Each structure stands twice: as C-alpha cells, then as structure tokens.
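Engineer: Counted the way full-length UniProt numbering counts, the sequence shown spans residues 1 to 602.
Have a look at this one before I ask anything.
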Amino acid sequence: MVVNSVHWFRKGLRLHDNPALQEALNSADTVRCVYILDPWFAGSANVGINRWRFLLESLEDLDSSLRKLDSRLFVVRGQPANVFPSLFKEWNVTRLTFEYDSEPYGKERDGAIIKMAQEFGVETIVRNSHTLYNLDRIVEMNNGSPPLTFKRFQALVNRLELPMKPLPTITQEQMGSCRTKIADNHDEHYSVPSLEELGFKTQGLDPAVWKGGESEALERLNKHLDRKAWVASFERARINMCSLIASPTGLSPYLRFGCLSCRVFYYNLRELYMKLRKNCSPPLSLFGQLLWREFFYAAGTNNPNFDRMEGNPICVQIPWDHNPEALAKWAEGSTGFPWIDAIMTQLRQEGWIHHLARHAVACFLTRGDLWISWESGMRVFEELLLDADWSVNAGSWMWLSCSAFFQQFFHCYCPVGFGRRTDPSGDYIRRYIPKLKDYPNRYIYEPWRAPESVQKAANCIVGVDYPKPMINHAEGSRLNIERMKQVYQQLSHYRGLNNGSNLPLMGRRLMAPSSTILLVMSLRAVMLGSDGQSEWFLLPTTHSSCHELHDCHDDLLSRAAVVCPFCHLTDHVVEVLWLPRYRTSTLSPLQGVDICMYAGQG
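Take a look at the structure:
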C-alpha cells in the first residue's frame, strides 16, 4: 500500500525533537509538510506586526531547512476544516500527523479534523512534544482537576518520571526513500507570504530584536548553555538594568512557537548542571520558567473560558472599572510614570519585556492602581508579546490581578520604588523614554517632583513634553486594597458560609470547634484560633485530597471539613495543627503572618 503523509505544522516549527514529523516519515512513500495560515490567528486584529514578523521568519527558516532535505514547506491559506478536504483528494493522502495541542480551542479543532480524516480514510497520528509532561496525567493525579497552586503542581511533578528524552533532528538519511513532489508553480501557490502581502506597512519598521526560526533558537540555546558559571552556581536571577534588555540568549519566543523544543532545553540544562556539579540532581527551580509554563498549560487545558472572567470557574468575579481612556494611556506608555511607560514602550517596540517588568505593569493596570480588568491587559499582551501564549498569558494575568491562584493582594509593585531599586541610574528609562534622558538620576523616576529649573534644563516640561502622573499611586493602591478586601469578604458569603454572628471578621481569631467549615484565602501558616488550651494553625502545604494528607503529625493533626480556597470543592481539605499551648513556641515564627481572609461556622 502506498503511504502519502502530510505533516501539519502548528506550534512545533522545527525539525529537531519532532515525534509527529518522525511518524509522518516512517515507511512513507511521499511526505508534504503543511502550515495553514488559520484566520483565527491571521485575521485577528489582536496580533501585532512584531509577532507576525517572527512567525514568518520562523516559517522561512523551516522552509529553508526542509529544502536541504529535498522537501519544502507548503503554506496554505484558509481554515483547516476547509483546506484539508481538498488536500486529501489532490494529494491522495493516507496519513496525517501533527503535534498535540493541549489548549481547549486546539483540542476542539483537532477533534473535528480527526473525525474528517476518518471520513476520508486518512490515518491520524498525534504526538506530544510541546510540553514536558502529559498534562492529562497531571490532572488525573489531582483527582480529575488541574492543580491550582504552583506548589501543588510541583508536588505532582515530583511524583512523575523524568520527561521523555528528545528525538534527534531529522536528516536526509531519515528521509530515506520518502519523497516530496515539488512542481514549478509551488512557489507561486505555497510560498511564505511577506508582511506587505498580509497588509502590514513596513516603512519605518525597526529591525527585529528577535529573529524567528529554529536555526536562531539553537544558536541562542548554545549561547545560553555557555554560561556554565551561572548554571553551576545557580541561584534565582536578580533583576537589574541588564536583565531588562533583550538578551542574545533569550529563549521564550522560540519555546512559544516551538522553534525550540522544551525537552531539548530541559535536558541540555539538566545534563550540563549534573556535569558541572558532579552528578548532583538539579533543583526544580533551575527549570522555573519552564515549570510555570507547564503549570498554566495544565490549569487551562480543560477550561475553554480560561481567558475570560465570564464562565470561568476559577476566576474571582471582581467588579473592575471600565475606563478606555486609562487603558489606552497604559497601553501606549503614557501614564506619567517613567518606569511603567518605559516597559510598555519596550514591549511595543521589541515584543518582549522581562517577566518581573510584566508583573509591574500588570499590577499597575489591575489591582495596584487603575483597577481595570486583567482581560484588557491580556489582550494588549496578546497583540504585542512575541511569546504570548493563550494559557500562560491568561494564567499570568489572573494570577497577577489576584483573580485566581494564590496571590497576596496587599502586596503591590510601586511604579516608582520598584524601578529605582532595579536600575538606580535610570538608564533603562533613558533608553526607552528619550524625552527624559537629560533628567538627573534623582528625578528620573519622578520627573513631576523636579523643580521647574531642572525640567527646563532637561528640555522636558512635565505636563507639556511628558505627561503628568495619571493617578496618585499611594491613594489608588490603598483604595484598591480595600476594594480587594471587600471582594473576598463578599466571596465568603457567596460561597454559602454562615453570614451571622459566628462569622469572624477580617483580623479576628477563630475559636477552634471540633468541626469547622473554612474558606481560607491564604495558604501561609497562620494561627487561626485558641480554645484556651490549644491553638489552631493552618499549615502552608495544603491543597490536597483527604487521602493524601500527610500523616507525619498524626498525634497533632485535626481534620476539618474545608472548602478549598482554589477550587472551592469540599472534597479537598486543608491541614490543621491542633497544638497544646506550650508547644506553640516551636512555631512562633509562623505567628502573625498575614492572612488574607477566613470565615468559619461552628
């Protein structure tokens, strides 16, 4: 039987570690590699020019690599459901392969394509290579629901075997007798389009800071791994001026588009660490950004409303303000706060900002200052960020806005102090807000405080050449913290807890009865109450099922019926220590730790 394969490229735009592509080649007579410019992506007004440029460069690089194997990339425009029937017929396709997509939209699309392929008698093979782990397995291990704290996710990952090792790069030898039929008119019909062909105006477009493609990704990976001293003495990176500027070893856009395999990155980093540290297993924190990526993928995999408030079961329904004018100032980098404006300018110009810079501008837009919905910020990032990923982008915005996952809403990033601590000289601001380049260090983060003479000497008058601050941060952040307190207090009533006299208010201690229903909006260790003889503590490692409770404190452990603060299910519990008063001294450092909210019913 003749086997005519089509491999459908989506995110995995590479020849290395591509198991689905390998399946397309196995025992095949012909193979064609296809990329479909799906209007869901291509026609979206929410995709900016930098992101488009990166994608097209990645496709051109992939096409170039395939041509070295006597093949090519066939770029087809249209929706997959409309494109494949004609391709199946024209090319007599018998096998379709593609990489597994864990996101709800992708799973729905792929399910429809698999069903269609069956109707055409086409075998479909799907392989996972975009994530380190099998996300369905993680959800299954967590009793059918995604882990909604990073600590819980790490605990599950610790129980899994190491990720599958990556496959080698496809070579001419692996292609074997598998051929790609190429005609003279294929360049006309199937070439990678230009930005101009897609309707973009490129006059005055700055050169790309991030060049797309697998070749660039692998070169950057090698540079990244050359930092042997950093790997050997790994510690969490401290942000500074240099961190804020796009690095030639940065990898996040390449992981997002699949130009670089996450498994190749993982194992290269792991093996180098073990070599330098004499076979010591690397800490999970070495793979921090990879694991956060996996965490948000797992959280969103079965939630089609993960990117919105409405219909999203894990999202707190916060009554955000609707303020298009304020949103526009934030998005355009015209807030009057140089630190925020520099970050947003870099994002718009280059398509990338440091992850802690993302924290700063996300907090400013939402709970910190402007009280605007995270959905609006997410859409701006979706347009401008090269590495914007549906799951990671939505998850990060929910987390940073205190709409889901654990976050301390009373901690806000100061739009002045955070930047000043990061880059005391203000060089980052001078780079992206050149209007302020002549301001002295003392005033560059707060130009509105500069005397008129200093402003004139710098040729930049606040309110004329550079905007005044759009909000009083101190007042705004205090107001928003109070708003957050009210939201979570109302949430405790909404969840059906007692709203009578037995409901403790914020800051009060809860008397410890034999059975209590709790809604705890903090998983940090804190003393909940005392009955005069003993004191009740909430442990920090809690989001687990009843049968998974640690039993290392059996003599002290008291179990309560508890509503989980993350999934709001009563079949999850928190661990509570019931300690005689004389024994609490061993936990004294835990006392007085801030607790966001708790409610109880005796």
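Cβ atoms here follow ideal geometry from the backbone N, Cα and C, with glycine treated the same way.
These numbers come from a predicted model, not from an experiment.
Please name the residue in Phe74, Pro85, Tyr105, Gly199 whose C-alpha comes closest to that of alanine 183.
Structural biologist: Within the sequence shown, residue 183 is the residue found at index 183, counting from 1. Closest by alpha carbon: Phe74.
Engineer: DSSP state of glutamate 99, grouped into three classes?
Structural biologist: Your numbering for residue 99 matches position 99 in the sequence shown. Reduced to three states, the DSSP call for glutamate 99 is strand.
Engineer: Which residue from Glu108, Phe295, Asn50 puts its Cα closest to that of arginine 152?
Structural biologist: If you number the sequence shown from 1, residue 152 lands on position 152. That would be Phe295, whose Cα lies nearest to the Cα of arginine 152.
Engineer: Looking only at C-alpha atoms, which of Leu290, Asp341, Glu60 sits nearest to valine 192?
Structural biologist: Position 192 of the sequence shown, counting from 1, holds the residue named residue 192. Nearest option by C-alpha distance: Glu60.
Engineer: Could you give the distance in angstroms between the alpha-carbon of lysine 468 and the alpha-carbon of tryptophan 8?
Structural biologist: In the sequence shown, counting from the first residue as 1, residue 468 sits at position 468. In the sequence shown, counting from the first residue as 1, residue 8 sits at position 8. Approximately 51 Å, taken between the alpha carbons.
Engineer: Can you give me the start and stop residues for the beta strand (DSSP E) that phenylalanine 306 sits inside?
Structural biologist: Residue numbering aside, residue 306 sits at position 306 when the sequence shown is read from its first letter. No beta strand (DSSP E) contains phenylalanine 306, which DSSP labels as neither H nor E.
Engineer: Whose CA, out of His473, Ala394, Leu286, Pro434, lies closest to the CA of glycine 417?
Structural biologist: The count along the sequence shown starts at 1 and reaches residue 417 at position 417. When each option's Cα is compared against that of glycine 417, the closest is His473.
Engineer: For the beta strand (DSSP E) holding isoleucine 125, just list the boundary residues, first then last.
Structural biologist: Reading the sequence shown from its first residue, position 125 is the one you call residue 125. 123-127 is the span of the beta strand (DSSP E), which, as asked, contains isoleucine 125.
Engineer: Of the choices Leu286, His354, Pro85, whose alpha-carbon is the least far from that of serine 243?
Structural biologist: Within the sequence shown, residue 243 is the residue found at index 243, counting from 1. Closest option to serine 243, Cα to Cα, is His354.
Engineer: How long is the line joining the alpha carbons of tryptophan 292 and glycine 395, rounded to whole angstroms?
Structural biologist: If you number the sequence shown from 1, residue 292 lands on position 292. If you number the sequence shown from 1, residue 395 lands on position 395. Each residue's alpha carbon lies about 10 Å from the other.
Engineer: Note down the Cα distance separating histidine 553 from tryptophan 371, rounded to an integer number of angstroms.
Structural biologist: Locating residue 553 in the sequence shown gives position 553, counting from the first residue. Locating residue 371 in the sequence shown gives position 371, counting from the first residue. Any reading at histidine 553 must be qualified, since the residue scores a pLDDT of 29, below 50, and its modelled position is unreliable; no value is offered.
Engineer: Taking 8 Å as the threshold, find out whether the region 82-92 comes into contact with the region 115-123 through three or more Cβ pairs.
Structural biologist: In short, these stretches touch, since the Cβ pair count reaches three.
Engineer: Looking at histidine 130 and the ligand MG, is the gap between the Cβ and the nearest heavy atom below 7 Å?
Structural biologist: Although the ligand MG was asked about, the structure shown includes no ligands whatsoever.
Engineer: Count the other C-beta atoms from every protein chain shown that fall within 10 angstroms of the C-beta of phenylalanine 537, then say buried if there are 16 or more, exposed otherwise.
Structural biologist: Stepping through the sequence shown from its first residue, residue 537 is reached at position 537. For phenylalanine 537, the predicted model reports a pLDDT of 40, less than 50, meaning its position is unreliable; a value from the coordinates is still stated below. With 16 or more other Cβ atoms within 10 Å, it is buried.
Engineer: Considering only the alpha carbon of each residue, which of Ala342, Leu21, Pro434 lies closest to glutamate 99?
Structural biologist: Start at 1 with the first residue of the sequence shown, and residue 99 comes out as number 99. Selected option, being the one with the closest Cα: Leu21.
Engineer: If I'm right that glutamate 54 touches proline 253 with Cβ under 8 Å, what's the distance once you round it to whole angstroms?
Structural biologist: Reading the sequence shown from its first residue, position 54 is the one you call residue 54. Reading the sequence shown from its first residue, position 253 is the one you call residue 253. The question names glutamate, yet the displayed sequence has phenylalanine at residue 54. That pair is a contact at about 6 Å.
Engineer: Name the residue from Trp390, Arg367, Cys363, Ala342 whose alpha carbon lies nearest to the alpha carbon of arginine 308.
Structural biologist: Numbered from 1 along the sequence shown, position 308 holds the residue referred to as residue 308. Selected option, being the one with the closest Cα: Trp390.
Engineer: Taking only three categories from DSSP, how would you classify aspartate 321?
Structural biologist: Residue numbering aside, residue 321 sits at position 321 when the sequence shown is read from its first letter. Strand at aspartate 321.
Engineer: Can you tell which of Asp341, Gly288, Ala112 has its C-alpha closest to the C-alpha of valine 157?
Structural biologist: Residue mapping note: residue 157 aligns to position 157 of the sequence shown, counting from 1. That would be Gly288, whose Cα lies nearest to the Cα of valine 157.
Engineer: If we call anything under 8 Å between Cβ atoms a contact, is arginine 270 one with glycine 250?
Structural biologist: The count along the sequence shown starts at 1 and reaches residue 270 at position 270. The count along the sequence shown starts at 1 and reaches residue 250 at position 250. Going by C-beta atoms, arginine 270 is not nearer than 8 Å to glycine 250.
Engineer: Let me make sure I understand the geometry here. Which of Glu103, Ser58, Val76, Asn50 has the alpha-carbon closest to that of arginine 32?
Structural biologist: The residue you call residue 32 lines up with position 32 of the sequence shown. Here the closest residue by C-alpha is Val76.
Engineer: Evaluate contact between the region 338-357 and the region 409-428, counting only Cβ atoms and requiring at least three cross-stretch pairs below 8 Å.
Structural biologist: Segments in contact, yes.
Engineer: Looking only at its chain, what residues have a beta carbon closer than 6 Å to the beta carbon of glutamate 326, apart from the 5 residues adjacent to it on each side?
Structural biologist: Translated into the one-based positions of the sequence shown, residue 326 becomes position 326. First, the amino acid is wrong: residue 326 is alanine here, not glutamate. Once the five neighbours on either side are set aside, the close Cβ partners of alanine 326 are Leu370.
Engineer: Glutamate 575 to methionine 274, Cα distance in whole Å?
Structural biologist: Indexing the sequence shown from 1 puts residue 575 at position 575. Indexing the sequence shown from 1 puts residue 274 at position 274. Reliability fails at glutamate 575, whose pLDDT of 37 lies under 50, so the model's placement of it is uncertain and no value is given.
Engineer: I want to know whether the region 325-339 touches the region 433-448 - three or more CB-CB distances under 8 Å.
Structural biologist: Yes: the two stretches touch, three or more of their Cβ pairs being nearer than 8 Å.
Engineer: Tell me which same chain residues have a C-beta within less than 8 Å of the C-beta of histidine 359, skipping the five on either side of it?
Structural biologist: By one-based count along the sequence shown, residue 359 stands at place 359. Contacts found: Leu400, Tyr413.
Engineer: With threonine 422 and threonine 180 assumed to form a contact (beta carbons below 8 Å), what rounded beta-carbon distance in angstroms separates them?
Structural biologist: Position 422 of the sequence shown holds residue 422. Position 180 of the sequence shown holds residue 180. That pair is no contact at about 51 Å.
Engineer: Look at the Cβ atom of residue 605, then the Cβ atom of arginine 95, and state whether they are nearer than 8 Å.
Structural biologist: Any answer about residue 605 is impossible in this case: the structure gives the chain only from 1 up to 602.
Engineer: Please state whether DSSP places asparagine 18 in a helix, a strand or coil.
Structural biologist: What you label residue 18 is simply residue 18 of the sequence shown in a count that begins at 1. Three-state DSSP puts asparagine 18 in coil, outside helix and strand.
Engineer: With a threshold of 6 Å on Cβ separation, who are the neighbours of isoleucine 36 within its own chain once the five nearest residues in sequence on each side are excluded?
Structural biologist: Translated into positions along the sequence shown, residue 36 becomes position 36. Within the same chain, isoleucine 36 has close Cβ partners Val76, Pro80, Val83.
Engineer: Can you list, in chain order, the residues of its chain with a C-beta nearer than 8 Å to that of arginine 379? Leave out the 5 residues immediately preceding and following it.
Structural biologist: The residue you call residue 379 lines up with position 379 of the sequence shown. Taken in chain order, the residues that qualify are Asn46.
Engineer: When DSSP builds the beta bridges, which residues end up paired with phenylalanine 296?
Structural biologist: The residue labelled residue 296 in the question sits at position 296 within the sequence shown. Paired residues: none, contrary to the question.
Engineer: When you compare the CB positions of valine 2 and valine 34, do they come within less than 8 Å of one another, or not?
Structural biologist: Stepping through the sequence shown from its first residue, residue 2 is reached at position 2. Stepping through the sequence shown from its first residue, residue 34 is reached at position 34. For valine 2 and valine 34, no; Cβs fall outside 8 Å.
Engineer: Measure the C-alpha to C-alpha separation of isoleucine 433 and glycine 300 and round it to an integer number of angstroms.
Structural biologist: Residue 433 sits at position 433 when you count from the first residue of the sequence shown. Residue 300 sits at position 300 when you count from the first residue of the sequence shown. Going from the Cα of isoleucine 433 to the Cα of glycine 300 covers about 37 Å.
Engineer: Please name the residue, chosen from Asn4, Gly12, Leu13, that lies closest to serine 27 on a Cα-to-Cα basis.
Structural biologist: Indexing the sequence shown from 1 puts residue 27 at position 27. Closest by alpha carbon: Asn4.
Engineer: Pull up the distance between the alpha-carbon of histidine 322 and that of alanine 458, whole angstroms please.
Structural biologist: The count along the sequence shown starts at 1 and reaches residue 322 at position 322. The count along the sequence shown starts at 1 and reaches residue 458 at position 458. Going by the C-alpha atoms only, they are around 36 Å apart.
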